Amino acid sequence: NSPSYSIAIGQRGDAVSRVIAALKKDNMLARSIVMSAGDEETPGLAYIAPYSAMAMAEYFSDQSQDVLVIFDDLTHHARSYRELSLLLRRPPGREAFPGDIFYVHARLLERAGQFTREAGGGSITALPVVETQAENLSAYIPTNLISITDGQIYLSPRLVRRNQFPAVDLGLSVSRVGGKAQSRTLREVAGNLRVTLSQFEELEDFARFGTRLDDTTRARLTRGAAVRTALRQAERDPMPAAEQLAVLIAAMEGLFDDLPEEQLSDAMSRIRAAARKHFQFIDERISENKALSQDDRAQIIATARTVLPANHAGPTPEADEVKHGPDA
């Protein structure tokens, strides 16, 4: 029952209304607070909105509650502060922002953290959103926030145009604490997945030149496309860790290679249902922080083959020549 905050800064009223409607639909509004300083508000109100939200979050944190605060977005907040500073005739710096803009955002975000029992025993997780222009992640405000936070999730317009949702760019999305916070079970599968996708994207760019490809390269392209499609997720459809691992392992093992794209959603649903019924041991491995054994992976693959159509069960272990992992 921990509260969450959504702070809309410089957003249109219809966008805020959609957020509130989504919270109502999922029965989350009772433990959520939405604060809005819309695009029609004064720069002063937009500037103080995130500080007001953080003060309210600290109130609940002092009562040993865990709070999530989403700032959407700090680009508009920075522009409001720039407007105020220029009106006050403060000297502008890079991109006309005042020289203390880094301090302004650092002072806000560094108030988040896990607190001791003497300090209330709660926690505040800050999730700032930043808008990029022309996919320029190295602009002033984005680089400031990247250096303040513990990582970033980059949503790529290029992936949006490919109908890939969520449009997370794995190459530009980084976590500086993920390796320590993530269980060994997930870390091993995610590491192999990142390698497979990076190799696939390189080959995909190469294949656009119309070069004749050998069978191994075509197999890698097919496998990579299937893995990328398996990463698609419907809106408001959270996937437990056991189901994630089952689907990703099936994709990495080539069980989706021969499936038409329109049948992939049904195949993933079948494997997720099998995971809920047969793969309780995955949750045990995650809670114990242990990697999946070869027997565990074999059981996942064998069960996945049984729930997929016989003519689309992927290659047999003997016929699968596409390697995974660092040696691929």
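In our numbering, the protein residues as written are 1 to 328.
Yeah, the Cβ is synthetic: ideal placement off N, Cα and C, and Gly gets one too.
Note that the structure is predicted; figures quoted are calculated from it, not measured.
Residues sharing a beta bridge with residue i, DSSP
{"i": "Tyr5", "result": "Ile33 and Val69"}
{"i": "Leu155", "result": "Val168"}
{"i": "Pro240", "result": "BP columns for Pro240 are empty, so no partner."}
{"i": "Gly113", "result": "Ile124"}
Range of the contiguous beta strand (DSSP E) that encloses residue i
{"i": "Val129", "result": "Ser123 to Val129"}
Backbone secondary structure at residue i - three-state DSSP
{"i": "Val16", "result": "helix"}
{"i": "Pro92", "result": "strand"}
{"i": "Val195", "result": "helix"}
{"i": "Ser175", "result": "strand"}
{"i": "Pro50", "result": "helix"}
{"i": "Pro43", "result": "helix"}
Residue i to residue j span [Cα, whole Å]
{"i": "Glu288", "j": "Ala246", "result": "18 angstroms"}
{"i": "Asp66", "j": "Glu40", "result": "32 angstroms"}
{"i": "Phe206", "j": "Pro3", "result": "48 angstroms"}
{"i": "Ala242", "j": "Glu188", "result": "14 angstroms"}
{"i": "Thr185", "j": "Thr42", "result": "49 angstroms"}
{"i": "Asp295", "j": "Arg223", "result": "23 angstroms"}
{"i": "Ala106", "j": "Ala126", "result": "12 angstroms"}
{"i": "Ala119", "j": "Asp62", "result": "7 angstroms"}
{"i": "Leu259", "j": "Val227", "result": "12 angstroms"}
{"i": "Phe115", "j": "Ala219", "result": "50 angstroms"}
{"i": "Val322", "j": "Asp214", "result": "Confidence is the limiting factor: at Val322 the pLDDT is only 45, short of 50, which leaves the residue's position unreliable and the question unanswerable from this model."}
{"i": "Tyr103", "j": "Thr196", "result": "40 angstroms"}
{"i": "Ala339", "j": "Phe200", "result": "Since the first and last residues shown for the chain are 1 and 328, residue 339 lies out of range."}
{"i": "Pro128", "j": "His278", "result": "38 angstroms"}
Residue i burial status per 10 Å Cβ neighbour count (16 or more: buried)
{"i": "Phe209", "result": "exposed"}
{"i": "Thr216", "result": "exposed"}
{"i": "Asp72", "result": "buried"}
{"i": "Ala54", "result": "According to the sequence shown, residue 54 is Met rather than Ala. With 16 or more Cβ atoms within 10 Å of its Cβ, Met54 is classed as buried."}
{"i": "Arg339", "result": "Residue 339 lies beyond the stretch modelled for the chain, which goes from 1 to 328, so this question has no answer here."}
Boundaries of the alpha helix (DSSP H) in which residue i is found, first to last residue
{"i": "Pro142", "result": "Tyr140 to Ile148"}
{"i": "Gly224", "result": "Asp215 to Ala230"}
{"i": "Lys277", "result": "Glu261 to His278"}
{"i": "Glu83", "result": "Leu74 to Leu87"}
{"i": "Gln299", "result": "Gln294 to Val307"}
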